[in-house]
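Input: a single structure, listed below in structure tokens.
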Amino acid sequence: MPQIAKLLRPAVAGVVFAFAALPAWAIELVMVQQAGCHYCARWNAEIGPIYPKTAEGVYAPLRRVELGGKEMKKLKLQRRVNFTPTFVLVDTAGVEISRLEGYPGEDFFWGLLERMLLEQTDYIAPSVDGS
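Number 16 in UniProt numbering belongs to position 16 of the sequence shown; there are no gaps in the numbering.
See the structure below:
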């Protein structure tokens, strides 16, 4: 029995540390998109490659769903999605926290997303000096 305890101790510690690294309020940014959406394509080109590398992307990982697709039915939205792209912050149960409809361009997207995160979650923006 002591052998099993020795083997399990590092595994249990690893699981505890992994959960400790998660944000206190685990959320996702759901991007509702559809084929042929010009603004979805712009977002994909301008923001898509860098989003996962940003503080916002680490805090609220991106999940893409198709407008009217099966994944949409799993979300608990406050109201219907009418435009693409629509960016919806959801909690772990898929409940909508906040949303941004449309893509206003790179210059506005980051500020609007940061404001949503600051006002609706426990997100803390990195300081200007990177700390």
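Using N, Cα and C, we set each Cβ at its ideal position, and we do this for glycine too.
As the structure is a computational prediction, the values presented were derived from the model and not from experiment.
Could you tell me the alpha carbon to alpha carbon distance between residue i and residue j, rounded to whole angstroms?
i	j	result
residue 67	residue 125	30 Å
residue 37	residue 44	11 Å
residue 96	residue 74	11 Å
residue 120	residue 91	11 Å
residue 26	residue 102	24 Å
residue 111	residue 39	18 Å
residue 100	residue 113	8 Å
Which of the three DSSP states is assigned to residue i in this structure?
i	result
residue 33	strand
residue 87	strand
residue 95	strand
residue 65	strand
residue 75	coil
With C-beta atoms as the reference, is residue i less than 7 Å away from residue j?
i	j	result
residue 63	residue 28	yes
residue 72	residue 89	no
residue 81	residue 30	no
Taking the beta carbon of residue i as the centre, do at least 16 other beta carbons fall within 10 Å, making it buried, or is it exposed?
i	result
residue 60	buried
residue 83	exposed
residue 65	buried
residue 49	exposed
residue 85	buried
residue 128	exposed
residue 52	exposed
Of all the options the options, which has the alpha carbon lying nearest to the alpha carbon of residue i?
i	options	result
residue 107	65, 121, 47	47
residue 118	50, 55, 105, 93	55
residue 41	111, 112, 129, 105	105
residue 69	39, 103, 34, 58	34
residue 93	76, 65, 49	76
residue 58	128, 123, 127	123
Let me see if you follow: with CB-CB separation under 7 Å, is residue i close to chain B or not?
i	result
residue 126	Checking the listed chains, one finds no chain B in this structure; it contains a single protein chain.
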